[in-house]
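Chemist:
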Amino acid sequence: MQIKHHIDTDLGQITASYVDGNYLWIGYILGSVSRLRKVSIKDPISVYFDVEISATKINKITIGTQTSYLVLALESSSYIGCIVTKASPTTITYYTKPAGITENPVDVIQAGGQSYFLMPGVTQSKIIKYNYLTSTYSSITNISLGAVNITNAKAMCIDGSSKFWIVTYTDPMNLIKYNPSTSLVEQINEFAS
Numbered sequence: 004m005q006i007k008h009h010i011d012t013d014l015g016q017i018t019a020s021y022v023d024g025n026y027l028w029i030g031y032i033l034g035s036v037s038r039l040r041k042v043s044i045k046d047p048i049s050v051y052f053d054v055e056i057s058a059t060k061i062n063k064i065t066i067g068t069q070t071s072y073l074v075l076a077l078e079s080s081s082y083i084g085c086i087v088t089k090a091s092p093t094t095i096t097y098y099t100k101p102a103g104i105t106e107n108p109v110d111v112i113q114a115g116g117q118s119y120f121l122m123p124g125v126t127q128s129k130i131i132k133y134n135y136l137t138s139t140y141s142s143i144t145n146i147s148l149g150a151v152n153i154t155n156a157k158a159m160c161i162d163g164s165s166k167f168w169i170v171t172y173t174d175p176m177n178l179i180k181y182n183p184s185t186s187l188v189e190q191i192n193e194f195a196s
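Take the sequence shown: its letters are residues 4 to 196, numbered as in the numbering used here.
See below:
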């Protein structure tokens, strides 16, 4: 097995990454500027694109059913995220943060024409939904089951039945099954140490 070691002095702090076939998308901070870079997975020094993103930091990069776009979760006072056209990464559409939202998303999923941003929630975690291509804000859902409020959400993924699984950074840790079509929590599993 061969291990290749690459040193790229142009990259600052790497904050997010996403493997897309033969390419690697890297979110990083250079000085005080947040940037998105596309490189070859076989030769990471080969840079295809490097664009500035209007945010303090890129928290997450993903791709969904619309495979010609990336969705980014951002740390920003103005924006919750954005979509980037893969063929022309200078084409960026930003999602404006809804009024009253002060936290930044920790994760994002794109599914069924919607972008779902996961807000960590010190007092209560939330999912904020936008129309994927029009960047139109749709809804805010507090994550709870009955009287149980979920806090400190950390990450989420989507399963084969289009349900979201959310994990928390709490003790005990929670694994939550969320149905985006009904905006309801269906199950909470607690894992204690």
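All C-beta atoms, glycine included, are put in the ideal place defined by N, C-alpha and C.
#1: Would you call the stretch 73 to 83 and the stretch 148 to 155 touching, i.e. three or more CB-CB distances under 8 Å?
#2: In terms of alpha-carbon separation, which member of G34, G30, D174 lies closest to D41?
#3: Whole beta strand (DSSP E) runs in the stretch 11 to 39 with 3 or more residues, listed along the chain?
#4: Looking only at its own chain, which residues have a Cβ that is under 7 Å from the Cβ of T139, when we skip the five neighbours before and after it?
#5: Roughly how many angstroms separate the alpha carbons of N107 and I48, rounded to a whole number?
#6: Could you pull the start and end residues of the beta strand (DSSP E) that S142 belongs to?
#7: In or out: N62 buried (at least 16 other Cβ within 10 Å) or exposed?
#8: Taking just the CA atoms, how far does Q127 sit from Y135?
#9: T93 and V50 - do their beta-carbons sit closer together than 8 Å?
#10: Please return the same chain residues whose Cβ sits closer than 8 Å to the Cβ of A114, not counting the five positions on each side in sequence.
Modeler: Short version:
#1: no
#2: In the sequence as displayed, the identity of residue 41 is Lys instead of Asp. With distances taken between Cα atoms, K41 lies closest to G30.
#3: 16 to 23, 26 to 33
#4: Y133
#5: 31 Å
#6: Taken as a continuous stretch (DSSP letters only), the beta strand (DSSP E) holding S142 covers 140 to 145.
#7: buried
#8: 24 Å
#9: no
#10: G67, T68, I161, S165, P183.
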